[in-house]
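In terms of this note's numbering, the sequence shown opens at residue 88 and continues consecutively. Just so you know, even glycine gets a beta-carbon here, dropped at the ideal spot from N, CA and C. Taking it in order: structure first as structure tokens, then the write-up.
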Amino acid sequence: MNNWPLVKYPTLNAVHGVTTNSGPDFAIDSAGAADELGERLLLDKMAWVEQVHGGDVIVADGNGCIGKADALVTATAGQGVLVRGADCPLLLLSAPGNDGKVVAAVHASWRSTVREITRNTVALMAGKFGANPTKMDCIIAPSAGVCCYEVGAEVAADAVSRLGENAKQFFRAENGKLFFDLWKANSDQLHRCGVPPHKITVSGICTICCDGTYPSYRRDGIKAGRFAAGIGVGK
Ligand SMILES: [Zn+2]
88 MNNWPLVKYP TLNAVHGVTT NSGPDFAIDS AGAADELGER LLLDKMAWVE
138 QVHGGDVIVA DGNGCIGKAD ALVTATAGQG VLVRGADCPL LLLSAPGNDG
188 KVVAAVHASW RSTVREITRN TVALMAGKFG ANPTKMDCII APSAGVCCYE
238 VGAEVAADAV SRLGENAKQF FRAENGKLFF DLWKANSDQL HRCGVPPHKI
288 TVSGICTICC DGTYPSYRRD GIKAGRFAAG IGVGK
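Pasting the structure below:
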């Protein structure tokens, strides 16, 4: 039953896992799927959110859907957090804090990225729980790569208006088309918070053009499922 594949990243020093298309579909039964992932990670509680493509982060305490946001943070033993996606970058973060480990899961869609969801998450981890960014381990799970993630000019304009001229480096132009490098944009937010480059692992797997291991909304349309990235503070 619960023997579906769970991808682990050796550089991430926390209980965690990323599901694939062979695992539970978080689009159909998010609550049931979250419970299954919590069981697999041996965590007591698994919190998730209604993802709204904003910049808000919440502190997780509980099981099930705990609100509307795009990132969750916890430092409580036995508490897990997860985010769901099908092209949007999902990040998992872990760092030592004031009282043990502090972890976070981030849903960094382009709208959340330009609202600095990743920077806001690191700021909450540091401000509330004493997480040290220089000791933070970060992974960016499989998601739409700059090879495929085409966007309109209005997306680049919105990014520059919110993030400044620095955001221009996140876009690649080719044959009149524009591609958004969300991996680079989120890595940049981590660097600016003080996370050293060697502490950031980008999976480098593009959900759109990879072999179908992960669901892709751009590739599969409305029938695309959702996979999840979960992390927790072990007991
Ligand atoms: Zn691609």
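Outcome for residue i when other beta-carbon atoms lying within 10 angstroms are tallied against a minimum of 16
i	result
Q256	exposed
E203	buried
H103	buried
K95	exposed
C280	buried
P284	exposed
For residue i, the first and last residue of its enclosing beta strand (DSSP E)
i	result
E241	Premise fails: E241 lies in the alpha helix (DSSP H), A240 to L250, not in any beta strand (DSSP E).
D224	D224 to I227
R306	Where R306 is concerned, there is no enclosing beta strand (DSSP E), although the alpha helix (DSSP H) it sits in stretches over Y304 to D307.
V189	G187 to H194
For residue i, the three-state DSSP class (helix, strand or coil)
i	result
H103	strand
K215	helix
W270	helix
I292	coil
K132	strand
G141	coil
K255	helix
8 Å contact criterion, which residue i and residue j should meet: CB distance rounded
i	j	result
A114	G312	5 Å
M133	D122	7 Å
V193	T205	6 Å
Y304	N108	Actually they are not in contact, since the Cβ atoms of Y304 and N108 sit about 13 Å apart, beyond 8 Å.
V139	G317	V139 to G317, Cβ: 19 Å. No contact.
G165	L130	6 Å
F267	V233	7 Å
I227	W270	5 Å
Cutoff 9 Å: residue i Cβ touching any chain D Cβ
i	result
R171	Although the question refers to chain D, the structure presented lacks it and comprises just one protein chain.
Boundaries of the alpha helix (DSSP H) in which residue i is found, first to last residue
i	result
S181	It is not in any alpha helix (DSSP H) - S181 instead sits in the beta strand (DSSP E) that spans L177 to G184.
T200	W197 to V201
G125	S117 to R127
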